[in-house]
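*Asks:* Input: one structure, supplied below.
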């Protein structure tokens, strides 16, 4: 009756407004902010059966339509014609390891063996990319039969003892030793590549009661070679391929170089003692977890050896923090052209978190002794930037002046004291907020009994030493997140996000329907699993 009172123009406007509100409501139903809390969600409370059905539907879509030989990428584009495009299985944290862990969470919450089988398949997918040197090389596993012949993949035909290699790149004036086999046999620990795969596979191995021989032997092969790759001082390189002479790597405390080049020296930094991107820390923590899962003391001993390296690597006064990488003489060194010899604020924060973790696992106070003076130093170095308290990524050795790198090609970049017109795409500032959390946790641990502070028996994060769980969601918040996830899933079981071209995209794709993100998949699986486990 109300519409009959309006002329045709008014009716048209009203209908458009109603449609807009309907679209907005549908959009908000799937909108989750960066903290994981839903901006708005549908009002109906999902049943446990609805959550289970959505969880199974999403998993089946990922297993049957998204996977490439049981491996996953961090994201995919879906074409207008429905084709899902990806490069192949990825080893990066955020790709196959993240998806595999999501399947494990779903299995533990629901008891549905389908999810455990999916996690098992993801682990088998990673075995295709395991190198004879124990770990995983590039972020994408090569599947082309012809191209695979250029690699020493363990699954392609055995790994004789002569394939135990580590880089011999420390002296640029020396010619690298000739390899027994010219095929690439690199284990890469940058960006948590090898470490995250090992963690996921260890957890799947445990869930299967160590009865899947291929997975179990693959994990032990990886751990054995990581043991061999550890330097006498306790650190690990960024990547490795062949073993070097231990005599070339003496055990000594860190010290300041008398002089250092202000221009990039192109060092063979891949095999230095590497803290950058938490390389050594991620291996150390993986060893802590391996010691638990396999009840093997040698892995704990290796983790503690890495802890001793961290103690040795703390620079003396006036800068009691840590560098990104050290040469074999334990002096801060150049790495890439934007990474000068310097004290690193970002890496120092991660190291402090790792020391707290090591104390939790061992109860040995020596590992947290460096924390107070490092926290005080870093706090004194922090300043406000864009309304937030930050720490510079780099501090000049001895002078403590913040260092930055100018824009340009690697050969054109220069060190500068100005934060203007610096290289983009690199983190030159890190939040100072964790320092208060670290100081509080330090005091809390000192006051507690060692037997009460160990981490949970089952770790879920792929970088648990740095993971500090956020406050638990309330029942209403969890319900809202689950409602949003169920509302946003399409008829196939996909969570499809709009495609947005990046700032550096020269030619944005024109035929893309949307983006499928493994991170979104894992997050929504976590919400659904938590909801199911809570018995909603």
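Numbering (the numbering used here), first residue to last: 583 to 1118. Backbone N, C-alpha and C define an ideal beta-carbon position, used for all residues, glycine too. Quick caveat, the model's predicted, so the values are computed rather than measured.
Indicate the three-state DSSP secondary structure (helix, strand or coil) for residue 1100 in the structure shown.
*Replies:* In this structure, residue 1100 counts as helix in the three-state DSSP scheme.
*Asks:* Could you check where the alpha helix (DSSP H) with residue 779 kicks off and where it finishes?
*Replies:* 775-789
*Asks:* So residue 936 and residue 895 are in contact, right, with Cβ under 8 Å, and what is the actual spacing, rounded?
*Replies:* About 12 Å separates the two Cβ atoms, so there is no contact after all.
*Asks:* Around the Cβ of residue 1060, are there at least 16 other Cβ atoms within 10 angstroms (buried) or fewer (exposed)?
*Replies:* buried
*Asks:* How big is the Cα-Cα spacing for residue 688 and residue 704?
*Replies:* Rounded to whole angstroms, residue 688 to residue 704 spans 14 Å at the Cα level.
*Asks:* Tell me which same chain residues have a C-beta within less than 7 Å of the C-beta of residue 1115, skipping the five on either side of it?
*Replies:* Counting only Cβ-Cβ distances below 7 Å, and skipping sequence neighbours, we find 691.
*Asks:* Excluding sequence positions up to five away, which residues of its chain have a Cβ less than 8 Å from the Cβ of residue 748?
*Replies:* The predicted position of residue 748 is uncertain, since its pLDDT is 45 and thus under 50; no value can be drawn from it.
*Asks:* Run through DSSP, which three-state label would residue 1077 get?
*Replies:* coil
*Asks:* Would you identify the three-state DSSP class for residue 1115, choosing helix, strand or coil?
*Replies:* Three-state DSSP puts residue 1115 in a helix.
*Asks:* For residue 766, list the residues DSSP reports as bridge partners.
*Replies:* 733
*Asks:* Provide the residue span of the beta strand (DSSP E) that contains residue 1016, from first to last.
*Replies:* Run containing residue 1016: none in the beta strand (DSSP E); it sits in the alpha helix (DSSP H), 1015-1029.
*Asks:* Just reading off the beta strand (DSSP E) that residue 659 is part of, what are its end residues?
*Replies:* 657-661
*Asks:* Quick check on this structure: which residue in 786, 868, 706 and 1004 has the alpha carbon closest to the alpha carbon of residue 1044?
*Replies:* 868
*Asks:* Taking 6 Å as the limit between beta carbons, can you name the residues of its chain near residue 684, skipping five residues before and five after?
*Replies:* 1104 and 1107
*Asks:* With DSSP run on the structure shown, which of helix, strand or coil describes residue 552?
*Replies:* Because the chain is modelled from 583 through 1118, residue 552 falls outside the range shown and cannot be assessed.
*Asks:* Rounded to the nearest angstrom, what separates residue 949 and residue 891 at their Cα positions?
*Replies:* Whole-angstrom Cα-Cα distance: 10 Å.
*Asks:* So residue 976 and residue 924 are in contact, right, with Cβ under 8 Å, and what is the actual spacing, rounded?
*Replies:* 4 Å
*Asks:* Please list the segments of the beta strand (DSSP E) lying wholly inside the region 920-995, counting only runs of 3 or more residues, in order along the chain.
*Replies:* 965-967, 970-974 and 984-987
*Asks:* Entirely within the region 864-916 and at least 4 residues each: give me those alpha helix (DSSP H) ranges in chain order.
*Replies:* With a minimum length of 4 residues, the continuous alpha helix (DSSP H) runs that stay inside the region 864-916 are 879-895.
*Asks:* Under a Cβ-count criterion, where at least 16 other Cβ atoms within 10 Å of its own Cβ denotes burial, should residue 708 be classed as buried or exposed?
*Replies:* Around the C-beta of residue 708, 16 or more other C-beta atoms lie within 10 Å, and the residue is accordingly described as buried.
*Asks:* Closer than 8 Å is the cut-off here; do at least three beta carbon pairs connect the region 1067-1084 with the region 625-639?
*Replies:* yes
*Asks:* Could you work out which residue in 711, 912, 722 and 719 is closest to residue 738 when comparing CA atoms only?
*Replies:* Taking only the C-alpha atoms, the option nearest residue 738 is 711.
*Asks:* For residue 781 and residue 627, what's the separation of their Cα atoms in angstroms?
*Replies:* 35 Å
*Asks:* Can you give me the C-alpha to C-alpha distance between residue 1004 and residue 988, rounded to a whole angstrom?
*Replies:* Residue 1004 and residue 988: Cα-Cα distance of roughly 4 Å.
*Asks:* For residue 629, count neighbouring C-beta atoms within 10 Å of its own C-beta (all shown protein chains included) and say buried if the count is 16 or more, exposed if not.
*Replies:* Answer is exposed; the Cβ neighbour count stays below 16.
*Asks:* If you follow the alpha helix (DSSP H) that residue 689 is part of, which residue opens it and which one closes it?
*Replies:* 678-692
*Asks:* Taking residue 955 and residue 898 to be in contact with their CB atoms under 8 Å, please state how far apart those CB atoms are, rounded to whole angstroms.
*Replies:* Actually they do not touch by this definition, with Cβ atoms about 11 Å apart.
*Asks:* Would DSSP call residue 855 helix, strand or coil?
*Replies:* Three-state DSSP puts residue 855 in a strand.
*Asks:* By Cβ distance below 8 Å, which residues in the same chain neighbour residue 608 in space, the five residues on each side in sequence not counted?
*Replies:* For residue 608, the predicted model reports a pLDDT of 37, less than 50, meaning its position is unreliable; a value from the coordinates is still stated below. Excluding residues within five positions, the ones whose Cβ falls inside 8 Å are 1069.
*Asks:* Give the DSSP bridge partners of residue 821, in chain order.
*Replies:* Residue 821 is bridged to 770.
*Asks:* Kindly list the residues whose CB is nearer than 6 Å to the CB of residue 1021, restricted to its own chain and excluding five residues on each side of it in sequence; keep chain order.
*Replies:* 957
*Asks:* Just confirm the distance between the C-beta atoms of residue 1064 and residue 1081, as a whole number of angstroms; I'd bet it's less than 8 Å.
*Replies:* Not quite, the Cβ-Cβ distance comes to about 26 Å (not below 8 Å), so this is no contact.
*Asks:* Are the CB atoms of residue 701 and residue 645 nearer to each other than 7 Å?
*Replies:* no
*Asks:* First and last residue of the alpha helix (DSSP H) that includes residue 631?
*Replies:* 630-643
*Asks:* Answer yes or no: do residue 773 and residue 859 have a C-beta to C-beta separation smaller than 7 Å?
*Replies:* yes
*Asks:* Name the one or two DSSP bridge partners that residue 1012 has.
*Replies:* 973
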